[in-house]
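J.: There's a structure below that I have some questions on.
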């Protein structure tokens, strides 16, 4: 179970974060959530799909790294081998939370940074310091704060994009069967993609609406990312 604590420069004055990307640090995941703001970087490296959140039932965009649970074919003992690391991976072990505060008698929710103190990345001996000796934020923490801001904004923007796709019935379930060189079959289920036939059948008005919001370009990026399935299969074969 994670141990989330509000980050502060007194309790966590000696906190350091191990920034290596390694299996023992929890990076052996077969996919990660991504946001529309990073589609351009992701689509050139990883296949993009959708999954339903097991708790909320909401569709979330993901980058795929492998064909089995805890299989990250872009990860070795030398680190992450992909050209881009998604924000939801970069931000670990930090996350954004919200606290109720009174401002001029009005109850508001303010974003605050939390840290998972049970993360294997947390240390007091090695890694990047979170705070300076005088208590100020280190360059590393300032960078992580910008990553967390992008994640927080990304959730809303991606939810809006998915809502538009659902309103046009453009998301469909897909099952992908992959046979690798040892003859074993790998079947990916529980994932979703863009229904290209329905996109092609959209009216000019609907297409213009998607284009005006930047969503048509995002759809094309998802479609283009499917070209990354073949290199992923090659990476799988290289492990056999």
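Residue numbers (my numbering): 18 to 257.
A virtual CB, placed ideally from N, CA and C, is assigned to each residue, including glycine.
A quick note: this is a predicted structure, and the numbers were derived from the prediction, not measured.
1) Should the region 218 to 234 be regarded as contacting the region 176 to 184, the criterion being three or more beta carbon pairs within less than 8 Å?
2) What separation, rounded to the nearest whole angstrom, lies between the Cα atoms of residue 156 and residue 150?
3) Residue 248 by DSSP, collapsed to three states: which one?
4) State buried or exposed for residue 70, treating a residue as buried only when at least 16 other CB atoms are found within 10 Å of its CB.
5) Please list the segments of the beta strand (DSSP E) lying wholly inside the region 192 to 239, counting only runs of 3 or more residues, in order along the chain.
6) So which of 92, 193, 108, 213 has the shortest CA-CA distance to residue 185?
7) For the structure I just gave you, are there three or more beta carbon pairs, one from the region 39 to 55 and one from the region 75 to 87, closer than 8 Å?
8) How is the alpha helix (DSSP H) around residue 56 delimited, first residue to last?
9) Of the choices 200, 226, 23, whose alpha-carbon is the least far from that of residue 128?
10) Which residues in the same chain as residue 39 place their Cβ atom closer than 8 Å to its Cβ, once the five residues preceding and following it in sequence are excluded?
11) Measuring CB to CB, does residue 18 end up less than 9 Å from residue 135?
12) Please return the same chain residues whose Cβ sits closer than 8 Å to the Cβ of residue 126, not counting the five positions on each side in sequence.
13) Could you say which of 103, 251, 257, 131 lies nearest to residue 54 if we only look at CA atoms?
14) With 16 other CB atoms within 10 Å as the buried threshold, where does residue 105 fall?
15) My assumption, with CB atoms under 8 Å, is that residue 246 sits in contact with residue 64. Please give the rounded CB distance.
16) Looking at residue 111: is its Cβ nearer than 9 Å to the Cβ of residue 133?
17) Quick check on residue 89: buried or exposed, where buried means 16 or more other Cβ atoms within 10 Å of its Cβ?
T.: Walking through what the data contain:
1) yes
2) C-alpha of residue 156 to C-alpha of residue 150: approximately 13 Å in a straight line.
3) helix
4) exposed
5) 202 to 211
6) Between residue 185 and the set 92, 193, 108, 213, the nearest pair of CA atoms involves 213.
7) Counting Cβ pairs under 8 Å, three or more are found: they touch.
8) 56 to 59
9) 23
10) 92, 94, 96
11) yes
12) 115, 116, 117, 118
13) 103
14) It is buried - the Cβ of residue 105 has at least 16 other Cβ atoms within 10 Å.
15) Between residue 64 and residue 246 the Cβ distance is about 5 Å, and since that is below 8 Å, they are a contact.
16) In contact: residue 111 and residue 133 (Cβ atoms closer than 9 Å).
17) Its Cβ being crowded by 16 or more others within 10 Å, residue 89 is buried.
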